[in-house]
Structures are given as C-alpha cells and as structure tokens.
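Numbering follows our numbering, in which position 60 of the sequence shown is assigned residue number 128; successive positions increment by one, without gaps. Structure first, commentary second.
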Amino acid sequence: MPNPSKNTASRKAASKNTQLPFDKYDFYNQAVQSPEADVKFYRQVYKDVNKSKRPRVLREDFCAGAAISCEWVKLDPSHKSIGIDLDQVPMDYGKEHYLSKLNSEQQKRIALIQQNVLSGQLPAADIVAAVNFSYFFFKKREVLKQYFQNVYKSMNKDGLFILDIFGGTQCTDAIEDRTKHKEFTYYWDQKHFDPVTNEAYFEIHFRYKNKKYEGVFSYDWRMWTIPEIRELMAEVGFKDSYVYWEGTSRKGLGNGKFDRVTKGEACLSWIAYIVGVK
Ligand SMILES: C[S@@+](CC[C@H](N)C(=O)[O-])C[C@H]1O[C@@H](n2cnc3c(N)ncnc32)[C@H](O)[C@@H]1O
C-alpha cells in the first residue's frame, strides 16, 4: 500500500519541533500533508491545462484544518481560498494554528465555511481540490455523482477539479506501514479490504513518548478506481479529465513528481491525481 499520505519526497513535511501534549492534528499534518508542494502543483496543472489564464480562487473541500487554503493565499497576493468542512472542530484547530500564522492581509483572503459538500450551493472557484482521498467516504455511486454535480455547478469557466487517488495490489492487503518522524512514529494500518464491495477500512496510529495512540483517525472508505472517477466526471459535464501519474525514484519509490499520462503502470502501490476540466 502506498501509505497514501506519504510515500513521496514531496509529501514529506519537514519535522517540526513538537512539544507536549499529544496533538493529533499536528502529527497528522506532519505525517500526511504537504500543502506547500500541493498548491504549487495545482497552479502548475492549471497553467498546463489553461495556458495563459491564471487561477485566483481555490476551494479546498474536506479542508479539516485548511492547511492547503493557507498555503494558497501565501503563494500569490491575488489568491483567495475557501475551505469547506462538515466539522467545525478541525477548522477551529486550523484557525488557531495555521490561519493565525498568516499576516492580517493574507487572513482576509481566506474563508472557512462549515458545510456539507453534498448539499447547498458551494462557493465558486477556479480550482476545487479534494485531497487525501476524502471523497472515498462516499461509497455509493449516486452519492459521489451528487458531489461531482455540486462541484461542477460551482466551478468557474475553465475551472479544474483536482482529486487524488491511490491503488495497487498492496493496498488490498491487511498490513501496517510505519514511518518514523523526529518526534513520533506514524502508522498507516490497512485493517480490511473487501473485494466484493471494494470497501476498505484504515486507521492511523501514532507512537509518542513511549505510548501508542491507536485509531486516532479512522477511514471507512470505498476504493474508487481511476476509470470510475473519470466516467463520473464526464457524466456530470466535465469536458475533459486528465491523469497525473507519479514518477519513480532510483530506489523504486514515488518521487513526488506527477506528469500527465494516458497509461499507468502496474505496481504494488501508486498515487495519482485526476483533474476534471470544466
Ligand atoms: C481525511 S480529512 C481531510 C483532510 C484534508 N483534506 C487533508 O488534505 O489531509 C476528512 C475531512 O472531511 C470532512 N468531511 C467528511 N464528509 C464531509 C462532507 N460530506 N462535507 C464536508 N466535509 C466532510 C471531515 O469532517 C474531515 O475533516
């Protein structure tokens, strides 16, 4: 399994000096997020697809602490971002720990909204990013389609919908993958995979100061496939979709560089981006 959050160089956040107490959102951020690299990639893909046009508004669906939204406003003074999440708790954490580190001008260019991405009108955007596989929560095709329709309606002309996805034979095994960080150890635990439904259950654990914190985050997901996602995008109106596949390092691991492809490669584990074009 790719340890979807973290098998690439670009996804490796620099270790921070983490002090007590145990802070699950901080550890999550360090272990699985790489918002600085993510926003540069989104800008690059927009340029790749739309040539001279520049994106301004990023919407981060399933934003949790909105780390990506914060990086987007830092990238350019014309940028605005909107983070959407059902749960106010991680958004409040993000306000306290990430937004508070921005200057006041940057803070004015971010809005965090508590909303279900399945319902109501979503704010307009040039790029909608739904990453770390959060749409895998939607197990039924009609529910995922409802989400894609909602996204499509909300997007500006030439807008991009950027999703990440992972797969490979290893992600159907029940295995636990461990990554040591400076202050803690991160575990990606693949508990269960059902080939009949393609549903899978994962947990994140952390070891910190000789104590293992089990099941700190859990994910009851459906493992969607690239063709399923592209077909759904086409059904709701996206005029094109592209796949950006990760390159391979000399050691045979993902190298954190994603290029547009028309064919992938059979491997034990892989991560890719799917980009829907309005
Ligand atoms: C795995 S976290 C996402 C973290 C973040 N996107 C990242 O890059 O790491 C999933 C988030 O999705 C939110 N969420 C789940 N269902 C949602 C829905 N229907 N609408 C909006 N947010 C939802 C949860 O509250 C949670 O904060």
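C-beta: ideal position from N, C-alpha, C; glycine also.
Point to revise | Straight-line Cα distance separating Trp256 from Thr76 | key: Working through the sequence shown from its first residue, we reach residue 76 at position 8. Working through the sequence shown from its first residue, we reach residue 256 at position 188. Summary for Thr76: the model assigns pLDDT 43, below 50, so the residue's position carries little reliability; its value from the coordinates is reported in the next sentence. Rounded to the nearest angstrom, the two C-alpha atoms are 15 Å apart.
**Study point:** Simplified DSSP assignment, three categories, for Lys119
**Key:** Against the sequence shown, residue 119 aligns to sequence position 51. Coil, per DSSP.
Review point. Comparing alpha-carbon positions, which option in Asp262, Asn278 and Met223 lies nearest Ala242?
Key: Counting from 1 along the sequence shown, the entry for residue 242 is found at position 174. When each option's Cα is compared against that of Ala242, the closest is Asp262.
Review point. Just how far apart, CA to CA, sit Lys331 and Asn200?
Key: On the sequence shown, position 263 is the one that residue 331 refers to. On the sequence shown, position 132 is the one that residue 200 refers to. When rounded, the distance between both Cα atoms is 22 Å.
Check your understanding: Does the beta carbon of Ile195 fall short of 7 Å from some heavy atom of ligand 1?
Key -> In the sequence shown, counting from the first residue as 1, residue 195 sits at position 127. The answer is no for Ile195.
Review point. If you draw a straight line from the alpha carbon of Tyr281 to that of Glu271, how long is it in whole angstroms?
Key: The residue you call residue 281 lines up with position 213 of the sequence shown. The residue you call residue 271 lines up with position 203 of the sequence shown. If I take the Cα positions, the gap works out to 11 Å.
Point to revise | Bridge partner(s) assigned by DSSP for Trp256 | key: What you label residue 256 is simply residue 188 of the sequence shown in a count that begins at 1. Trp256 is bridged to Asp245 and Ile272.
Review point. Which residues does DSSP pair with Gly355 in a beta bridge?
Key: The question about residue 355 has no answer here: the residues shown for the chain are numbered 69 through 346.
Review point. CB of Asp155 to nearest heavy atom of ligand 1: below 7 Å?
Key: For the purposes of this step, residue 155 is taken as the residue at position 87 of the sequence shown. Indeed, a heavy atom of ligand 1 lies less than 7 Å from the Cβ.
Check your understanding: According to DSSP, is Tyr110 helix, strand or coil?
Key -> Along the sequence shown, one-based indexing puts residue 110 at 42. Of the three classes helix, strand and coil, the one that applies to Tyr110 here is helix, per DSSP.
Review point. Which residue's Cα is closest to the Cα of Arg127: Leu300, Pro191 and Ala334?
Key: For the purposes of this step, residue 127 is identified with residue 59 of the sequence shown, where counting begins at 1. Arg127 has its Cα closest to that of Pro191, out of Leu300, Pro191 and Ala334.
Point to revise | Neighbourhood of Phe326 by C-beta, 8 Å cutoff - its chain only, sequence neighbours within 5 removed | key: What you label residue 326 is simply residue 258 of the sequence shown in a count that begins at 1. Only Phe109, Tyr312, Trp313, Glu314, Gly315, Ala340 and Tyr341 meet the Cβ criterion.
Check your understanding: Can you round the beta-carbon distance between Lys121 and Tyr220 to whole angstroms, since I take them to be within the 8 Å contact cut?
Key -> In the sequence shown, counting from the first residue as 1, residue 121 sits at position 53. In the sequence shown, counting from the first residue as 1, residue 220 sits at position 152. Taking a contact as a CB-CB distance under 8 Å, the pair Lys121 and Tyr220 does not count as one, their CB atoms being some 19 Å apart.
Exercise for review: Could you please give me the residues that DSSP links to Leu231 through a beta bridge?
Suggested key: For the purposes of this step, residue 231 is taken as the residue at position 163 of the sequence shown. Beta-bridge pairing links Leu231 to Ala198 and Ile342.
Practice item. Note down, in chain order, each residue of its chain lying with its Cβ closer than 6 Å to the Cβ of Asp106, except the 5 sequence neighbours on either side. Key: The count along the sequence shown starts at 1 and reaches residue 106 at position 38. Closer than 6 Å at the Cβ level, and outside the excluded window around Asp106, lie Ile136.
Point to revise | ligand 1 heavy atom lying under 7 Å from the CB of Phe234 | key: Against the sequence shown, residue 234 aligns to sequence position 166. It does not: the Cβ of Phe234 is nowhere closer than 7 Å to a heavy atom of ligand 1.
Practice item. Would you grab the beta carbon distance between Ile152 and Ile233 for me? Rounded to a whole angstrom, and I think it's under 8 Å. Key: Locating residue 152 in the sequence shown gives position 84, counting from the first residue. Locating residue 233 in the sequence shown gives position 165, counting from the first residue. Their Cβ separation, rounded to whole angstroms, is 20 Å, which puts Ile152 and Ile233 out of contact at 8 Å.
**Study point:** Three CB pairs or more closer than 8 Å across the region 89 to 96 and the region 158 to 167
**Key:** Touching, yes.
Point to revise | Helix, strand or coil at Lys307 according to DSSP, with G and I counted as helix | key: Counted from its first residue, the sequence shown places residue 307 at position 239. Of the three classes helix, strand and coil, the one that applies to Lys307 here is coil, per DSSP.
Check your understanding: Taking 7 Å as the cut-off, is the CB of Gln217 close to at least one heavy atom of ligand 1?
Key -> Looking up residue 217 in the sequence shown gives position 149. No, Cβ of Gln217 sits at least 7 Å from all heavy atoms of ligand 1.
Exercise for review: Under 6 Å Cβ to Cβ from Ile150, same chain only, skipping five residues before and after it: list those, please.
Suggested key: Taking the sequence shown and counting its residues from 1, the one referred to as residue 150 is at position 82. If we look at Ile150 and ignore the five residues flanking it on each side, its Cβ neighbours are Arg127, Ala179 and Pro191.
Review point. Would you call the region 169 to 179 and the region 209 to 219 in contact, with 3 or more CB pairs under 8 Å?
Key: no
Review point. Lys74 by DSSP, collapsed to three states: which one?
Key: By one-based count along the sequence shown, residue 74 stands at place 6. A caution first: Lys74 carries a pLDDT of 43, below 50, which makes its placement in the model too unreliable to give a value.
Review point. Should Cys138 be listed as close to ligand 2, given that the test is whether its C-beta is under 7 Å from any heavy atom?
Key: This structure lacks ligand 2; its bound ligands are ligand 1.
Check your understanding: Is Ser202 near ligand 1, going by C-beta to nearest heavy atom under 7 Å?
Key -> Numbered from 1 along the sequence shown, position 134 holds the residue referred to as residue 202. Under cutoff, so the answer is yes.
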